[in-house]
Amino acid sequence: MMKKSISASKASLVLFLCQMIFALDVPLDSKLLEELSQPPTITQQSPKDYIVDPRENIVIQCEAKGKPPPSFSWTRNGTHFDIDKDAQVTMKPNSGTLVINIMNGGKAEAYEGVYQCTARNERGAAISNNIVIRPSRSPLWTKEKLEPNQVREGDSLVLHCRPPVGLPPPIIFWMDNAFQRLPQSERVSQGLNGDLYFSNVQPEDTREDYICYARFNHTQTIQQKQPISVKVFSMKPVTERQPILLTPTGSTSTKVELRGNVLLLECIAAGLPTPVIRWIKEGGELPANRTFFENFKKTLKIIDVSEADSGNYKCIARNILGSAHHVISVTVKAAPYWITAPRNLVLSPGEDGTLICRANGNPKPNISWLANGVPIAIAPEDPSRKVDGDTIIFSHVQERSSAVYQCNASNEYGYLLANAFVNVLAEPPRILTPANKLYQVIADSPALLDCAYFGSPKPEIEWFKGVKGSILRGDEYVFHDNGTLEIPVAQKDSTGTYTCVARNELGKIQNEVRLEVKDPTMIIKQPEYKVIQRYGQVSFECIIKHDFTLLPTVIWLKDNDELPDDERFLVGKDNLTIMNVTDKDDGTYTCIVNTTLDSVSASAVLTVVAAPPTPAIIYAQPNPPFDLELTGQLERSVELSWIPGDENNSPITNFVIEYEDGLHEPGVWHYQTEVPGTQTTVQLKLSPYVNYSFRVIAVNEIGRSQPSEPSEQYLTKSANPDENPSNVQGIGSEPDNLVITWESLKGFQSNGPGLQYKVSWRQKDVDDEWTSVIVANVSKYIVSGTPTFVPYEIKVQALNDLGYAPEPSEVIGHSGEDLPMVAPGNVQVHVINSTLAKVHWDPVPLKTVRGHLQGYKVYYWKVQSLSRRSRRHVEKKILTFRGNKTFGMLPGLEPFSSYKLNVRVVNGKGEGPASPDKVFKTPEGVPSSPSFLKITNPTLDSLTLEWGSPTHPNGVLTSYILKFQPINNTHELGPLVEIRIPANESSLILKNLNYSTRYKFYFNAQTSVGSGSQITEEAVTIMDEAGILRPAVGAGKVQPLYPRIRNVTTAAAETYANISWEYEGPDHANFYVEYGVAGSKEDWKKEIVNGSRSFFVLKGLTPGTAYKVRVGAEGLSGFRSSEDVFETGPAMASRQVDIATQGWFIGLMCAVALLILILLIVCFIRRNKGGKYPVKEKEDAHADPEIQPMKEDDGTFGEYSDAEDHKPLKKGSRTPSDRTVKKEDSDDSLVDYGEGVNGQFNEDGSFIGQYSGKKEKEPAEGNESSEAPSPVNAMNSFV
């Protein structure tokens, strides 16, 4: 035994060094991370109990850090796991994480077991927890025959769920056939075991769809139990019953729970009336803040249980007839938990230390030690190490003593495993604080100067002031263990340079930092309490004094919040002014002054009082000033004075002075300046060669006055220009010129007549003289005959008749660019994957660019597909890379293809020559889905599958994968069968199938890279001949699994539309049509279709309106066609003049009425004479007993007109018994509305085919008449 475990100084060293080792993740000095050795530390690992999805790849995490970087190995079920021998297992680079490829043919069950990771470097080995890998399971419900439950009203009932055993256990819930959760209450509730308990049943409990569902979250699947039927029969009178417990049974039971878990206790009772549950703890109280009641108080929930929660818990069920109770004896056990986990230990050679591992649990855990993953009893001996139970004592360690130790604390309920390393280092001191770091503080406040250091053994730290000052000691300084020097009260004379020296037996190092002590910020005049009358003006002052090196910011607050966003609040440099004060301005105003080092504030209260009543005042903008006078005329200035006009009860706040230049811009007034409203004279600065006139405008809060009358004119003398043109540029437009441009001076900037410009240029970096030319008042000059893209020095100077402006500054321009001369060389292509490549090239010499380098363009194009060997022209693609880049990425490539590319340099003129074409090939990828999958020729036990190869094979197809499984009547999927098919096949006959069975097929193609996306289809084998169903006409096609409506077509007129559709599915479906205005959010309107016909007429539509329409079948939830959109014809245009009021119209109507009267008289006379008029004779000669007028309520349509020619049909006409329509009866037929489809009817009278408004007539076949029935007549017979 050691006399001392560790000295005080060494304890601080260990603590500091441990902190520094941990800090290597984010070091202050990057060299520290590069140079220090460190044993491995596990940083990330999978959970101990790891349940995986059997459909996905298994990823077992193991990440570790160390210096040098650790290597990784694994054990499985206690023996070495050689991943190189298993093609399905890979380890991530620079990591210990395993990836087991399940999605490419592996079986998750084959990899169940206990895994452990070891991370090792030259300083030791760390190990992970034992990671138990188990694939999740979601088994199907076992088939069972459920008898209906018949129970008397008032009796209790338990519906058992008994879900399949899954991993992890499923979540249970009860729902009905409509997928609605069954309501639960104090009377009906679900137990913890998933059963549904009825304390007493009522007649409303009768139903046939009590369904228990099990949700397996890990695999995201839900399994359903067969529906349970409950029938409650009444027997009067209903007998009331005292409570009895349904669960748990008996009078007592026991429960064991682990520390830290959630304790759930349950009591469910039967009885009538429904019992109420109450919970108590015998001999104690239920723990506060951790106790909750659930499931209508039938479940007692205590979270985060501890050993103190052990005891007897009693549940009491009570109703008016009595009570029942049950006592649950709870024992809380504990898996191991840490009291003191071992911590990493960093020591210097020759030092001592300890590793302590203390854990508790119930029962008491066993402590065992390992060294570098090996039990310490058989590990290599270390004379510096001694094990004493839960402690390892190290004495006089050496560098070879470095290792990783594992402490294992275990009992029957679990284990804890912790890695802690002992790292023995011998390192000279390092100071991590940056050199010459500046610290700034306010006088009379503490100053903290850092000296972060590292070394082993722990260095000693000393501080000096100045480079050659004496060591700092005394009460005025505080020296912290981490090296920081604290000056508790810094004064101005504390300013200076401080030196930190760190030394140990291996070396010495020093670092300097600087301290600046600033004067504090003060408010020397604070805001004062103010009382102001309403609508008055108030100002708060806040005058400050601060260190001249600090920049203060002043913020004003009202009642500790931001000032209102109101233009009445004016914040000045040293004050806050509030104009036109109102009652809401009452409050506390605070001035806050902030600098980067300190902050001060001061407050004052504003009280607003009512103003005395005053007569109404009329406010208006001021009258214009008058009597303008110019005095003191000089070459560059003049004094202007004026007399203000009446301010009209609103004080003048300022005057605005404007000027007019009568020489250059007569009639245009410009802003000159403005002065406060208390000032009536101003000294104005003038420019030479301007004919000035001035005017003044007065401003108050109401607005601006009218301008004053202009002053007398004053023409200033001419002078040399004061300034030169701005924005001078030199840019060539051709390879052999230089275009010099500038912004010309304004008229008054010329300062005199004869404005011109002296343009000068010379080639840069060449000993040439300036070339100059004087040009008129323009803004461009072109220099010809220049070399290509050469820099020039340029300057432009203004001059007038009196002389030159000051010497201008020089700018650099360039002569014109030309196309680049050479192509990029050494073009290389690195194919990253099947759709991405990286291209590299050498930059071209800048001299050959002959212009501003804008970047490089990569042209690339596909030459051919390697799978199809077919060439086709593909447009070249271009990618531009800005600047002097020498590489770029080519995305969006097609797999298994041959490409070419070249690279060109680009300047402002254009592109240079292309580099030689570079050929590269992309590797194979996974194929697209097969182009089609058809299932034909169903028989009793076989189906024929035909398919097309993928549109994009993306490689050489190796095979096709076909998977299929049966589907029962409740849409549950059966076992999955998989077949691999050679790539050269395009059809397959599946035999030995079950008759009259639906199958679902999954089909995809494969290349050597992997499987492509799949295509699915469903089909059904036919029944045997003894079955109810027989193959229908067209049985060569497999009937669709689900009914569908397709090919919805419309033929629209002004106010109605004919809707037709095709239907596939069970016979005798009842259809409905839904329609609405297209683009509207209104609900759909619904029309029921009589019978099972496949057409309908929508009436009452609005002309010229777009409508949306869809067709559905009654009784099939969500079964509708896709939407179609049609537009009704436009309404007939009407005249704007009301003809009923026109005289000619009235006369015409009178004449017509007279003629009708005469005709009626003649007819009456003829009838009395027994004669027949010609029309009557024709009717008698061609009478047809079936064609008779029909009344409105007989169901006739009335008149029908085609949208094109508006030909009316006879009202009330009917189809003859031979189902033909005479030519004179109607010119329209159903053939007119189809594409060669004969107008035929089924036996039930429904129409076969569709119509769309075409006028191509075809003869009917067989015994049908030559004219097809009219669509209106056909529909008329079924309305």
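When the letters of the sequence shown are read in order and numbered with the numbering used here, they come out as residues 1 to 1279.
The C-beta atom is built at its ideal place from N, Cα and C for all residues, glycine as well.
Cβ-based neighbour list, Asp-82, same chain, cut-off 7 Å, excluding 5 preceding and 5 following: none
Same chain only: Cβ atoms within 6 Å of Val-827, ignoring 5 sequence neighbours per side: So the list reads Trp-841, Val-903, Ser-915, Lys-918, once near-sequence residues are dropped.
Alpha carbon of Arg-1135 to alpha carbon of Val-1111, nearest angstrom: Low local confidence applies: a pLDDT of 40 at Arg-1135 is under 50, so the model's placement there is unreliable, with the coordinate-based value given in what follows. So the alpha carbons of these two residues sit roughly 39 Å apart.
Rounded straight-line distance, which links the Cα of Lys-255 to that of Lys-236: Roughly 42 Å between the two C-alpha positions.
Under the three-state DSSP convention, the category Thr-936 falls into: strand
Residues near Leu-159 in its chain [Cβ-Cβ closer than 7 Å; skip 5 each side]: Counting only Cβ-Cβ distances below 7 Å, and skipping sequence neighbours, we find Asp-195, Leu-196, Tyr-210, Ile-228.
At least 3 beta-carbon pairs within less than 8 Å: the region 634–651 vs the region 565–578: no
DSSP state of Ser-128 mapped onto helix, strand, coil: In this structure, Ser-128 counts as coil in the three-state DSSP scheme.
Val-305 versus Arg-290 - alpha carbon distance: 8 Å
CA-to-CA distance, Pro-721 to Leu-796, given in whole angstroms: The residue asked about is misnamed: residue 796 is Val in this sequence, not Leu. If I take the Cα positions, the gap works out to 13 Å.
Closest Cα partner of Ile-697 within the set Gln-679, Ile-657, Ser-718: Restricting attention to Gln-679, Ile-657, Ser-718, the CA atom closest to the CA of Ile-697 is found in Ile-657.
Residue range of the unbroken beta strand (DSSP E) whose run includes Val-52: 49–52
At least three beta-carbon pairs within less than 8 Å, the region 427–441 to the region 385–395: With a cut-off of 8 Å, the region 385–395 and the region 427–441 do not count as touching, because too few Cβ pairs lie within range.
C-alpha distance - Ser-779 paired with Val-739, whole-angstrom precision: 11 Å
Beta-carbon proximity list for Asn-1280, same chain, < 8 Å, skipping 5 on both sides: Lying before the first or after the last residue shown, residue 1280 is absent from the chain, which here runs from 1 to 1279.
Continuous alpha helix (DSSP H) stretch holding Leu-846: start and end: Where Leu-846 is concerned, the enclosing alpha helix (DSSP H) starts and stops at 846–849.
Reduced DSSP category for Gly-1143 - H, G, I as helix; E, B as strand; rest coil: For Gly-1143, the secondary structure class from DSSP, reduced to helix, strand or coil, is helix.
Span separating the alpha-carbon of Asn-411 from that of Tyr-337: 11 Å
Which listed residue (Lys-857, Leu-634, Ser-128) has its alpha carbon closest to that of Tyr-415: Ser-128
DSSP-derived helix/strand/coil call for Ile-524: strand
Contact set for His-1182: own chain, Cβ-Cβ below 7 Å, skip 5 residues either direction: Here the model assigns His-1182 a pLDDT of 40, short of 50, so the residue's position is not dependable, and the following value carries that caveat. Cβ neighbours of His-1182 within its own chain (closer than 7 Å, five residues either side excluded): none.
Pro-688 CB to nearest heavy atom of the ligand NAD below 7 Å: The ligand NAD is not part of the structure shown, which contains no ligands of any sort.
Cut-off 7 Å between Cβ atoms - residues of its own chain near Leu-866, not counting five sequence neighbours on either side: Phe-896, Ser-897, Ser-898, Lys-921
Among Val-863, Lys-876, Asn-907, Lys-862, the one whose alpha carbon lies nearest that of Asn-884: Asn-907
Cys-1150 versus Leu-1160: straight-line alpha-carbon distance, rounded: 16 Å
Inter-residue CB distance, Val-1109 and Thr-1055 (contact presumed, cutoff 8 Å): Val-1109 to Thr-1055, Cβ: 15 Å. No contact.
Cys-267 to Pro-248 span [Cα, whole Å]: 6 Å
Whether Trp-761 touches Val-775 by CB criterion (8 Å): no
Span separating the alpha-carbon of Glu-1064 from that of Glu-1114: C-alpha separation (whole angstroms): 14 Å.
Touching by the beta-carbon criterion (3+ pairs, under 8 Å), the region 541–550 and the region 464–478: Judged by Cβ distances under 8 Å, the region 541–550 makes no contact with the region 464–478, as fewer than three pairs qualify.
Ordered list of beta strand (DSSP E) runs contained in the region 638–703, each at least 3 residues: 652–661, 665–676, 681–685, 691–700
Of the residues Asn-1090, Glu-734, Pro-676, Trp-742, the one placed nearest Thr-788, counting alpha carbons only: Glu-734
Nearest candidate by alpha-carbon position, reference Asn-724, set Arg-704, Val-759, Ser-708, Val-1009: Val-759
7 Å Cβ shell around Ala-1335 - same chain, five flanking residues per side excluded: The question about residue 1335 has no answer, for the chain in this structure spans 1 to 1279.
Environment of Trp-1144 [buried if 16+ CB atoms lie within 10 Å]: exposed
Beta-carbon separation (whole angstroms), Pro-982 vs Ser-959, contact threshold 8 Å: 6 Å
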